[in-house]
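Numbering follows our numbering, in which position 252 of the sequence shown is assigned residue number 286; successive positions increment by one, without gaps.
All residues carry an ideal CB built from backbone N, CA and C; glycine is no exception.
Here is the structure we will look at.
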Amino acid sequence: MNETKIPIIIWADLQTAPLGQPSKLLADFAGQPLLRQTMQRVCQSQKSGKKIVFCLPDQQGKIKSILTDLPVEVLGIQFDLPGWWPGIQSARKWAMDCWRGGLLGTCAFDEDLIPHVLAELVRRLDAPAVMTVPAHAAWIDPKILDRQIDQYLENQETMKINFSQAPPGLSGLILERNLIENLPRTTKIAGSIIGYHPDNPQMDLISKPCNLPIDSSIIQTGLRFTCDTQRSLTLCRLLATKLNPQSASIMEVAELARTIFTPYPKEIEIEFITGWPWEKGYRPTPQISRGPIDPEKIISRVAELTKECDDLVIHIGGFGEPTRHPQFEELIHGFKQSGAWGIGLQTTGLFDPAMTETLAELPIDILYLLIDVPHRELYQKIMGVDCFEKVTENINRLIHTIQTQNHPIPLLVPAMIKTCDTMELMDEFFDGWIKKVGWAVIEGFSDYAGQLADLSVTSMAGPKRKPCRQITGRLTILADGTAVICNQDFNRTLPAGSIHQQSLLEIWQGAIASNLRSAHATGNFSPNTLCQNCRQWHRA
């Protein structure tokens with residue numbers, strides 16, 4: 035093999051997609067199996083070497099028949115996924131439309147990169163580097179792949195990786211051989227190569243010649259083109275009715291996709307009960323107590339929605355400590371059994387110590403720990419209670435339980451709020467928790483559209499007001515069953531419906547939510563007084 039030719043390697047599984055949904059590789063896409071559509075576009079790459087699909091041995095024959103007449107080699111390999119794979123899946127669930135930004139520093143390239151299998155294949159091929167592409171990438175752009183290969187070869191002496199900031203499913207990842215062979219030993223993921231490390235800070239790789247520059251409008255598309263979910267498959271099939279499936283460019287695909295509205299929410303935030311275990315704090319307390327939420331009703335509503343989409347994630351949040359709901363465990367199990375793909379839970383850390391084992395065992399992907407003020411004296415001053423030690427003890431007990439039981443999930447995500455009082459604590463908080471649990475979040479203070487006194491250091495919103503990102507992706511259900519279009523509305527000033535009278539889909543597609551989105555799309559933010567004063571419109 036010509037040593038300048040970089041092979042393209044693709045992992046195909048006809049049963050289960052990398053993130054856990056049922057595989058869509060046999061689904062019809064413009065009159066042929068989706069896997070064949072992907073490989074037809076991959077095979078248009080002129081600069082790459084061999085095109086290789088690897089799969090489990092019992093799927094080899096079927097895949098060969100699908101790819102008949104294409105210059106593709108199909109390899110049957112017996113392998114198991116790493117024990118930490120559920121952690122990768124959980125980390126990407128809340129960032130699957132982004133090329134990076136997942137918890138633990140994961141990126142889209144981690145979703146189908148199995149280090150020990152890739153290391154075996156690179157040795158078998160004796161290749162200097164390999165490119166990986168998702169099997170579900172029906173709109174993968176061969177010209178982008180060729181540009182990546184050219185850029186990699188021009189900079190291979192100094193850059194051992196090449197990627198693009200394109201949305202998931204539109205570009206590939208190139209890794210140098212030695213880097214690949216070290217991955218299984220270091221258990222590093224692609225995201226860890228690209229991401230931030232407190233012990234070894236470096237300039238962001240997006241500023242270096244390992245990142246293929248593409249148009250900013252493509253980068254900001256905010257959609258997933260890896261067709262491994264019902265949502266993304268529906269979107270990409272619709273594109274195929276208006277674009278040529280074999281020749282459409284990345285610009286054409288992204289431009290058209292931005293005009294299409296998703297008929298389903300990506301995330302449902304659910305408030306179990308109102309009321310915080312502190313007296314003051316940075317988070318608002320509703321004027322009227324709500325809940326606890328009706329388990330039977332909300333679980334049945336979630337089950338109705340998951341029949342329509344297999345990538346629904348639920349964030350158990352709102353404005354109270356959810357573990358205080360009398361049927362807390364029943365709710366979590368009910369959501370999972372109803373088909374919810376991902377479950378995230380926020381907690382103040384002020385739960386009964388006996389709850390520790392329960393939290394570690396429940397089918398929760400992410401535990402979002404609202405530390406808020408990471409300093410004992412300051413915590414007491416701002417929160418009005420001297421409970422910082424209890425928060426710390428509970429979190430440490432939880433970490434010990436999860437590590438002792440060797441659970442890859444739930445992932446722990448400590449969070450603080452940045453204000454003038456806490457900003458000097460940020461570096462120690464972020465670096466310390468990254469080392470301890472792998473990730474941390476620093477939230478900007480929200481005045482909830484002017485409903486609270488503003489304690490923010492600076493606004494992170496851009497200079498020009500744009501349509502709100504939340505109202506096109508997330509729906510919030512309060513503990514009394516009322517739906518609000520955004521979680522800034524903690525006093526339900528603009529109800530969009532109720533789960534006691536409507537399904538979640540009916541609320542999402544209803545007149546109140548639709549009219550508000552339409553108004554925002556035209557630059558009219560006046561229909562809702564909260565929207566007029568909001569500074570969180572840029573947050574997803």
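(request) Put P329 into one of helix, strand or coil per three-state DSSP. (result) helix
(request) Could you give the DSSP three-state label for T192: helix, strand or coil? (result) coil
(message) Check this for me: beta carbons of L459 and D523, under 8 Å apart or not?
(response) no
(message) Taking only three categories from DSSP, how would you classify G54?
(response) coil
(message) Given this structure, state the Cα-to-Cα distance separating G54 from I333, to the nearest angstrom.
(response) 21 Å
(request) Indicate the three-state DSSP secondary structure (helix, strand or coil) for G484 in the structure shown. (result) coil
(request) Scan the segment 58-137 and note each continuous beta strand (DSSP E) run of 3 residues or more that stays entirely inside, going in chain order. (result) 82-89, 107-110
(request) Count the other CB atoms, across all protein chains shown, that sit within 10 Å of the CB of R358; report buried if there are 16 or more and exposed otherwise. (result) buried
(request) State the beta-bridge partners of Q380 as determined by DSSP. (result) Y402
(message) Determine whether the beta carbon atoms of I348 and F369 lie at a separation below 8 Å.
(response) yes
(request) Specify whether the segment 202-210 and the segment 155-171 touch according to this definition: at least 3 beta carbon pairs, one from each stretch, less than 8 Å apart. (result) yes
(message) Distance check for D455 and T260, CA to CA, integer angstroms please.
(response) 43 Å
(request) Could you check what DSSP says for K39 in three-state terms: helix, strand or coil? (result) coil
(message) Please list the terminal residues of the continuous alpha helix (DSSP H) segment that includes R265.
(response) 264-274
(message) Check whether the segment 328-346 and the segment 443-452 touch, using three or more Cβ-Cβ pairs below 8 Å as the test.
(response) no
(request) Output the distance between the C-alpha atoms of E107 and G203, rounded to the nearest integer angstrom. (result) 21 Å
(message) Do I183 and S82 count as a contact pair if the criterion is CB distance below 8 Å?
(response) yes
(message) Whole angstroms are fine: how far does the CA of G136 sit from the CA of N216?
(response) 23 Å
(message) Please list the terminal residues of the continuous beta strand (DSSP E) segment that includes K452.
(response) 445-452
(message) With a threshold of 7 Å (Cβ to nearest heavy atom), would L273 be considered close to the ligand PLP?
(response) The ligand PLP is not part of this structure, which contains no ligands at all.
(request) Less than 8 Å between the CB atoms is what I'm expecting for I122 and S198, so what's the real figure, rounded? (result) Their Cβ separation, rounded to whole angstroms, is 20 Å, which puts I122 and S198 out of contact at 8 Å.
(request) Pair every Cβ in the segment 273-282 with every Cβ in the segment 315-323, then say whether three or more of these pairs are closer than 8 Å. (result) no
(request) Taking 8 Å as the cut-off, decide whether the C-beta atoms of L68 and A46 are in contact. (result) no
(request) Taking I42 and K85 to be in contact with their CB atoms under 8 Å, please state how far apart those CB atoms are, rounded to whole angstroms. (result) 5 Å
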